[in-house]
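Residue numbers (our numbering), protein chains in the order written: chain Y, 392 to 646; chain V, 54 to 371.
Beta carbons: idealized from backbone N, C-alpha and C, even for Gly.
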Ligand SMILES: Nc1ncnc2c1ncn2[C@@H]1O[C@H](COP(=O)(O)OP(=O)(O)OP(=O)(O)O)[C@@H](O)[C@H]1O
Ligand SMILES: [Mg+2]
């Protein structure tokens, strides 16, 4: 039962002739919080998007909880899954975007119950009860009737986290969840993520928040130029990096 | 427009609202010209307002109005559905679908509507039998074209196929106005393409789609009068039949104009409400601080009652 939640093996991704991911091999164990660091353009977002098949990988293999992402294997052939089959796979992976991407025409609660009612076909009453619980968990139960335009950035991002959690995912992906926020709003979102980590959720977090990586992260992966340069405990990678590229990046970020 | 006397502020200073003399002059001039126009129209005997009154609710006029409304409604309905299909095909990754959709728009926007109407009407002459079968193979079903193409069906085909081409462009621009992040978010919660389109993209695109669709509907109301060329009679045809007999051309055209204006007014009111419906969630401009709407005024729907105020203080619930 030691199947990792995410297993990526030699994952490559090209856009046209440009190879963005140059063979990423990485495992994330159940309950782990993996932080992904790296300079802009190093392919962090692309890697996250490959995990829930928003982007199709060009080569390599990827499994979430033992399920091969995007393909079904039969004999020595890999059959590409149809759009609606990958849609089902995606529901087991929650994703939180830098720009929140809440549905502006739906209230906070409606955003949260959209997945459970439309994708998982739960009853509306049950989804609403669970949705209210989730909004309570991110501290926004009293804002359930507000539209995204009536919420601050930090509140919107917390609703977005609740929306992703509503599908009861096995893995949560965060792509720079606090980068679009005013500095005074960053804390409230990190708090939610910290408590989520404490509850045992497996998380992959792309972030520039070194404090979060150090305190909440179990492992830190440093990416540059589409390659995984260095992995290790937060203390080791952030305070005593071995690779020159990691050192160069950290000295710039921490300066 | 506040006309109350300025009250002193706390600091004892009085705020005097800006006065715009030009606006007042313009307003007076416009109202004056309008009154003169209305007076001259009603005082002019040659407008024959008595004839207008006589025919305003006459049975043939009413029947024509009914057919105009029916033709407008059905053509717009089919046109909108076609438009959505065309737009989705245009944006599809399948090159055959997108090219076919493009060709459809090109053809039906590029030929005069009157030609299209005549074409459908004379379809029977071109293709005497409409058959269903395998190309170069056996015929499975065959019907006499004349029996299906009545002036009404020809009018409906012509108007709605033409409308579909225009609506396709309108819907496409609406869909394209929605940020890619919305599609990604919908995909990320496992929605299929159809669900994404129906639940996320189209409801938001409606804000962009409705105003030009209102234009199209009002345009359609008047384009229906083109069906006169294939002998279908609607509002304008009905009044033209009457004035060709009694030579009261102007009063009867006024009758038609009054009805067109009345229907346009009703449509505009309808558009207002439809627009307001799809404005849901968009009305307050994206601001930094929430405007704290009257959300807590009504109790929660179901489920656990939230504590009166839980501020960003976090307690993991498990
Ligand atoms: N759809 C695409 N088509 C072509 N190139 C793309 C596409 N998406 C990403 N790229 C390129 O891939 C590279 C990596 O992008 P990615 O967004 O993964 O970087 P990142 O590490 O997340 O950077 P950032 O910190 O700025 O978010 C960039 O050079 C980008 O231009
Ligand atoms: Mg990125």
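- With at least 16 other beta carbons inside 10 angstroms of its own, residue 525 (chain Y) counts as buried.
- For residue 509 (chain Y), the neighbours in chain V by C-beta distance under 8 Å run, in chain order, 244, 248, 252.
- Assignment of residue 330 (chain V) by DSSP, reduced to helix, strand and coil, places it in the helix class.
- Set against 7 Å, the gap from the CB of residue 597 (chain Y) to the closest heavy atom of ligand 2 is smaller.
- Separation of residue 107 (chain V) and residue 272 (chain V) (C-alpha to C-alpha, rounded to the nearest whole angstrom) is 28 Å.
- For the set Y:504, Y:563, Y:469, Y:543, the Cα lying nearest the Cα of residue 484 (chain Y) is the one of Y:563.
- When distances are taken from the beta-carbon of residue 435 (chain Y) to the heavy atoms of ligand 2, the shortest one is below 7 Å.
- The three-state secondary structure of residue 240 (chain V), taken from DSSP, is helix.
- Taken through DSSP and simplified to helix, strand or coil, residue 234 (chain V) comes out as helix.
- With contacts defined by Cβ atoms closer than 8 Å, residue 396 (chain Y) and residue 456 (chain Y) form a contacting pair.
- Residue 445 (chain Y) reaches chain V at 237, 240, 241, counting residues in chain order whose Cβ is nearer than 9 Å.
- Judged by pairs of C-beta atoms under 8 Å, the stretch 258 to 273 of chain V touches the stretch 124 to 138 of chain V, as three or more such pairs exist.
- Proximity of the beta carbon of residue 616 (chain Y) to ligand 2 is not indicated: no heavy atom of the ligand is located closer than 7 Å.
- Within the stretch 482 to 501 of chain Y, those residues whose Cβ lies closer than 7 Å to any Cβ of chain V are, in chain order, 482, 486, 488, 490, 492, 494, 495, 496, 497.
- Using a 10 angstroms sphere on the CB of residue 599 (chain Y), the tally of other CB atoms stays under 16, which defines it as exposed.
- Looking only at Y:474, Y:595, Y:539, the smallest Cα-Cα distance to residue 435 (chain Y) is reached by Y:595.
- Annotation: the continuous alpha helix (DSSP H) that includes residue 269 (chain V) extends over 255 to 276.
- In the three-state reduction of the DSSP assignment, residue 448 (chain Y) falls in the coil class, being assigned neither a helical nor a strand state.
- Annotation: residue 472 (chain Y) has no Cβ neighbours in chain V at a cutoff of 8 Å; minimum Cβ distance is about 13 Å.
- Only buried fits residue 543 (chain Y), as 16 or more other CB atoms lie within 10 angstroms of its CB.
- Ranked by Cα distance from residue 114 (chain V), the options V:330, V:319, V:313 are led by V:313.
- Under the Cβ criterion of 8 Å, residue 335 (chain V) is counted among the residues facing chain Y.
- When distances are taken from the beta-carbon of residue 608 (chain Y) to the heavy atoms of ligand 1, even the shortest one reaches 7 Å or more.
- The contact set of residue 256 (chain V) on chain Y, defined by CB atoms closer than 8 Å, consists of 496 in chain order.
- Remark: the C-beta of residue 446 (chain Y) is outside contact range of ligand 2, defined as less than 7 Å to any heavy atom.
- Nearest neighbour of residue 640 (chain Y) by Cα position, chosen from Y:501, Y:624, Y:620, turns out to be Y:620.
- Judged by DSSP in its simplified three-state form, residue 399 (chain Y) adopts strand.
- Contact between residue 404 (chain Y) and residue 437 (chain Y) holds, with the beta-carbon distance rounding to 6 Å and staying under 8 Å.
- At a threshold of 7 Å, residue 451 (chain Y) does not count as near ligand 1, since its beta carbon sits no closer than that to any of the ligand's heavy atoms.
- Secondary-structure assignment with DSSP links residue 565 (chain Y) through a beta bridge to Y:487, Y:596.
- If you look at residue 250 (chain V), you'll find it isn't in any alpha helix (DSSP H); DSSP assigns it neither H nor E.
- Between the alpha carbons of residue 160 (chain V) and residue 560 (chain Y) lies a gap of roughly 49 Å.
- Closer than 7 Å to some heavy atom of ligand 2: that does not describe the Cβ of residue 237 (chain V).
- For the pair residue 513 (chain Y) and residue 494 (chain Y), the Cα-to-Cα distance works out to about 20 Å.
- Proximity to residue 487 (chain Y) across Y:644, Y:555, Y:609, Y:498 peaks at Y:555, based on C-alpha coordinates.
- Sequence-ordered contacts of the stretch 547 to 558 of chain Y with chain V read 549, 551, 554, 555, 557, 558 [C-beta pairs closer than 9 Å].
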